[in-house]
Amino acid sequence: MTTGTPTDGTPADGTPVDVTKADTGEADAAQAPGAAENQSAAPDASVATLDPRLLVRRRGFAGYLEDLLRRLRTGELGSIPVIVGLLVIGAVFQLQDSAFLSANNLSNLFVQSAGTGLIAVGIVFVLILGEIDLSVGSVSGMSAAVLAVLNINHGMNETLAVLLAVLTGMAAGAIHGFFFARIGVPAFVVTLAGLLGWNGLMLQILGPSGTINLDDDGLVAHLTNYYFSDKAAAMGLATFCVLAFLGFSLLDQRRRKAADVPSRPLSETLLRTAVLAVPAYVAAAVFNSYKGLPLAVVIFLGVVVLGDFVLRRTSYGRQVFAVGGSSEAAGRAGINVPMVRITVYAIAGTMAAVGGLFFASQINAANQSSGAGSLLMNCIAAAVIGGTSLFGGRGKTWSALLGALVIQSINSGMALLGTGSALRDMITGAVLLAAVVIDSVSRRTQKTAGRA
Numbered sequence: 006m007t008t009g010t011p012t013d014g015t016p017a018d019g020t021p022v023d024v025t026k027a028d029t030g031e032a033d034a035a036q037a038p039g040a041a042e043n044q045s046a047a048p049d050a051s052v053a054t055l056d057p058r059l060l061v062r063r064r065g066f067a068g069y070l071e072d073l074l075r076r077l078r079t080g081e082l083g084s085i086p087v088i089v090g091l092l093v094i095g096a097v098f099q100l101q102d103s104a105f106l107s108a109n110n111l112s113n114l115f116v117q118s119a120g121t122g123l124i125a126v127g128i129v130f131v132l133i134l135g136e137i138d139l140s141v142g143s144v145s146g147m148s149a150a151v152l153a154v155l156n157i158n159h160g161m162n163e164t165l166a167v168l169l170a171v172l173t174g175m176a177a178g179a180i181h182g183f184f185f186a187r188i189g190v191p192a193f194v195v196t197l198a199g200l201l202g203w204n205g206l207m208l209q210i211l212g213p214s215g216t217i218n219l220d221d222d223g224l225v226a227h228l229t230n231y232y233f234s235d236k237a238a239a240m241g242l243a244t245f246c247v248l249a250f251l252g253f254s255l256l257d258q259r260r261r262k263a264a265d266v267p268s269r270p271l272s273e274t275l276l277r278t279a280v281l282a283v284p285a286y287v288a289a290a291v292f293n294s295y296k297g298l299p300l301a302v303v304i305f306l307g308v309v310v311l312g313d314f315v316l317r318r319t320s321y322g323r324q325v326f327a328v329g330g331s332s333e334a335a336g337r338a339g340i341n342v343p344m345v346r347i348t349v350y351a352i353a354g355t356m357a358a359v360g361g362l363f364f365a366s367q368i369n370a371a372n373q374s375s376g377a378g379s380l381l382m383n384c385i386a387a388a389v390i391g392g393t394s395l396f397g398g399r400g401k402t403w404s405a406l407l408g409a410l411v412i413q414s415i416n417s418g419m420a421l422l423g424t425g426s427a428l429r430d431m432i433t434g435a436v437l438l439a440a441v442v443i444d445s446v447s448r449r450t451q452k453t454a455g456r457a
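For the sequence shown, our numbering assigns the number 457 to the last residue and increments by one with no breaks.
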């Protein structure tokens, strides 16, 4: 088993796997002139037989259309359902209340999505393993309590207190991973115990008062309340993202050509860049129409991009997907399966702590309700709704971003309409169920098509 390939046959980023010379038999053809002549006589047929996805690069837009239809038939839906869902949610709530798509509401929606999305990034790593973490809500609340006690009650430097709070979350996650990977306790049981235990520890840390207010001008308060008012900041970030995407795409294209493997044509790269530029500059214009670029959005995007890089471009990320695909096969391939599991849960604990600081920033306090309520379910739902599979082996950190936007869009729309939390939870539950159904049907379709 190749450690970087999930069970559905696609790499971590979900892009088609290019067929090298060795895969297509070109290396053998080079040693057998007669075979080479036969192969060159019908290149399209050989490519179509070996990997129909290469038609995308050989037949232009007709190939893209055929590849899209093939993906739909074989259940490779990617982010299409969640993007369509976001558009439908936006249209429905805008028809009900014209304030939904206002710059004010959209900016606040992005900021309020950051806390849930950051915790969901850690959940994505865990779900790729095919496991679950029920403790992230309690870990986030405990980390916020640690920060508040150290900074406010004991006068510790806030930056140092933030670092210790994040390390606390990391340690909690590593403990979960140790009991799961080394002792053999099921992840569900370990993290359920963590949900109860860390919540109790949070209450103990907060003490009798139950609430500790944070510094209004402190570092944590600025996480969700600071905006880069200069319009050049938002436009500059959008430009940087677009140019970075173009640069990495051209670099990847150059590497593929140097390795003599199929690569995307320049026209496709430019088209993808243009498609990315549209939402990037629209978002920048929305932010500039309100208070400017929120710091929370910058941090959230940075974490998502970093997580995506780790999963897609590092050997560790490939090991995570390999363990999620088949832990037994990964172990036989030489991967330290227990260590991968422990580190993944440590990542989930770290992201839970960071998300907890963002939630503390929103209310500028740590209290007994920190990490409670529907936070846990929202974070898991965000990862799943965004496209991460509950069955392991497939997912990306961008799922956390898309899923968090779906969750917060529903919450924001319900708030504008004055709807109670009961209906909001029912709608969120229905969306989550729909996402899981789509995932299940997709996997079944892929198995039928021989892709799983």
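Note that CB positions come from ideal geometry on N, CA and C, so glycine has one too. These numbers come from a predicted model, not from an experiment.
Beta-carbon gap between residue i and residue j smaller than 8 Å
i: A371; j: V116; result: no
i: S4; j: L114; result: Absent from the model: residue 4. The displayed extent of the chain is 6 to 457, so no value can be given.
i: A186; j: M240; result: no
i: I352; j: G127; result: yes
i: G408; j: A388; result: yes
i: A104; j: L421; result: yes
i: G160; j: Y350; result: no
i: S268; j: A108; result: no
i: G329; j: I133; result: yes
i: T2; j: V171; result: No statement about residue 2 is possible, as the shown extent of the chain runs from 6 to 457 and does not include it.
i: G174; j: S148; result: yes
i: G391; j: V87; result: yes
i: S143; j: G376; result: yes
i: N218; j: N369; result: yes
i: L200; j: L106; result: no
i: V283; j: L111; result: no
i: I362; j: V225; result: Reading off the sequence shown, one finds Leu at residue 362, where the question assumed Ile. Yes, Cβ-Cβ distance for L362 and V225 is below 8 Å.
i: I210; j: V266; result: no
i: V441; j: L380; result: no
i: G423; j: I94; result: no
i: S145; j: F364; result: yes
i: N158; j: A166; result: no
i: V303; j: L242; result: yes
i: K296; j: S234; result: yes
Residues that residue i bridges to, as DSSP identifies them
i: A327; result: DSSP lists no partner for A327.
i: L298; result: F233
Simplified DSSP assignment, three categories, for residue i
i: N372; result: strand
i: N162; result: coil
i: S445; result: helix
i: N43; result: Low confidence applies to N43: its pLDDT is 41, below 50, so where it sits in the model is not reliable, and the reading given next is rough at best. N43: helix per DSSP, three-state reduction.
i: P86; result: helix
i: D313; result: helix
i: S366; result: helix
i: N341; result: coil
i: S379; result: coil
i: I180; result: helix
i: T319; result: coil
i: I137; result: coil
i: S145; result: helix
i: F396; result: coil
i: V2; result: No answer is possible for residue 2: the residues shown for the chain start at 6 and end at 457.
i: G95; result: helix
i: A104; result: coil
i: V190; result: coil
i: V52; result: Residue placement at V52 cannot be trusted, given a pLDDT of 40 that sits under 50; what the coordinates show is reported in the next sentence. If DSSP states are grouped into helix, strand and coil, V52 belongs with the helices.
i: G391; result: coil
i: T20; result: Residue confidence for T20 is low, a pLDDT of 44 falling below 50, so the modelled location carries little weight; the figure read from the coordinates is stated next. Correct three-state label for T20: coil.
Expected contact under 8 Å - CB spacing of residue i and residue j to nearest Å
i: V359; j: L91; result: At roughly 24 Å, the Cβ-Cβ gap does not stay under 8 Å, so V359 and L91 are not in contact.
i: I347; j: Q324; result: Actually they do not touch by this definition, with Cβ atoms about 12 Å apart.
i: A119; j: T229; result: 7 Å
i: V129; j: T393; result: 5 Å
i: A279; j: C246; result: Contact flag wrong, Cβ pair sits at about 13 Å.
i: G135; j: A405; result: No, G135 and A405 are not in contact; Cβ-Cβ is about 17 Å, not under 8 Å.
i: L298; j: A249; result: That pair is no contact at about 17 Å.
- Runs of alpha helix (DSSP H) lying entirely within the region 213-283, each at least 4 residues, in chain order: Counting only runs of at least 4 residues, the region 213-283 fully encloses the following alpha helix (DSSP H) elements, listed from N- to C-terminal order: 224-230, 236-263.
- Query: Can you give, in chain order, each stretch of the alpha helix (DSSP H) that sits fully within the region 401-426 and has at least 4 residues?
  - Reply: 403-421
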